[in-house]
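No gaps in the numbering here: position 80 of the sequence shown is 80 in full-length UniProt numbering, and each next residue is one more.
In what follows, a single structure is set out as structure tokens and then discussed.
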Amino acid sequence: MTHQQTAYDLLIPPKEGRSFKLEKGQILKVIDVYGQQVADLVAYRGNDPKERLDPSVTMDALRTMNIKPGDILYSNLYAPMLTVLEDTVGKHDFINSACRPEMYEFLYNKPDHRSCYHILNSVLSEFGIPQPDQHYPFNIFMNTVIDGRGDIQVEAPLSDAGDYIKLRAEMDVIVAISACPCEDSVCNGYQCTPIRVEIS
């Protein structure tokens with residue numbers, strides 16, 4: 001019996017990010033090391049950064065905000081980008097944009113706070129991807145609750161230590177992940193911890 005070797009294995013420290021390439025068919029496993037840590041994920045077509053992972057298109061195509069194994073995450077051109085293979089949490093977020101300094105100033109009076117927006121820009125620059133006006137990530141492990149009146153509340157993630165989501169690339173993509181630096185709310189359980197990434 002043979003076992004598939006892990007081609008890439010890295011630990012993203014708290015409040016930091018990493019970027020990398022996935023070839024079509026490769027599998028990405030994003031692991032919450034200690035629990036209750038959000039990972040902002042963005043992705044771009046490998047040969048065309050104008051095509052990117054689009055949460056709103058994904059919700060439109062799936063007709064739901066709650067993904068499950070077998071569901072596809074789509075690009076802004078409605079092309080399959082990533083397929084969910086496994087998910088031990090079942091609760092993630094598609095509606096919140098990346099945190100940015102203006103958000104920290106608006107909500108917490110901390111204008112110089114580290115942000116997913118700048119973290120993602122920094123690691124994507126390694127691949128020559130231009131800085132967008134905002135990032136709209138797939139927020140892995142983020143627990144956004146919308147009640148019957150439409151009120152939106154971010155609650156503590158449901159992920160425990162070792163929980164993960166596994167995704168298969170449906171095209172060559174460039175992926176960036178930020179271990180969200182928000183420790184000012186229950187979004188990350190009031191503390192920031194690492195995210196582990198395995199590619200096979």
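In this text, a Cβ means the ideal position worked out from N, Cα and C, and glycines have one as well.
In angstroms with no decimal places, state the Cα-to-Cα distance between residue i and residue j.
i: ARG196; j: ASP9; result: 8 Å
i: GLN37; j: ILE177; result: 12 Å
i: LEU53; j: LEU73; result: 7 Å
i: PRO194; j: ASP87; result: 18 Å
i: ASP32; j: ASP40; result: 12 Å
i: MET103; j: TYR44; result: 25 Å
i: LEU82; j: LYS110; result: 35 Å
i: LYS166; j: LEU85; result: 5 Å
Please identify the residue among the options whose C-alpha is closest to the C-alpha of residue i.
i: PRO80; options: THR64, GLU51 and CYS99; result: GLU51
i: ALA156; options: ILE165, CYS192 and PHE127; result: CYS192
i: LYS21; options: ARG149, MET142, SER56 and PHE127; result: PHE127
i: GLN153; options: SER185, ILE129, GLY162 and VAL173; result: SER185
i: VAL173; options: ALA61, GLU23 and GLU105; result: GLU23
Near residue i, which residues of its chain fall below 8 Å by C-beta distance, leaving aside the five closest residues on each side in sequence?
i: ARG114; result: LYS15 and PRO181
i: GLN134; result: SER97, ALA98, ARG100 and TYR117
i: GLY25; result: ARG168 and ALA169
Suppose the cutoff is 7 Å on Cβ atoms and the five residues either side in sequence are ignored; what does the same chain contact list for residue i look like?
i: GLU183; result: TYR190, GLN191 and CYS192
i: VAL123; result: GLY17, ARG18, SER19 and ALA176
Report buried or exposed for residue i, applying the criterion of at least 16 other Cβ atoms within 10 angstroms of its Cβ.
i: THR2; result: Any reading at THR2 must be qualified, since the residue scores a pLDDT of 37, below 50, and its modelled position is unreliable; no value is offered.
i: LEU77; result: exposed
i: VAL145; result: exposed
i: ALA161; result: exposed
i: PRO13; result: exposed
i: ASN47; result: exposed
i: ASP163; result: buried
Within its chain, find whatever has a CB closer than 6 Å to the CB of residue i; leave out the 5 residues flanking it on each side and keep chain order.
i: ILE119; result: GLY17 and SER178
| query | Counting pairs of beta carbons, one from the region 138 to 152 and one from the region 90 to 104, are three or more of them closer than 8 Å? | reply | yes
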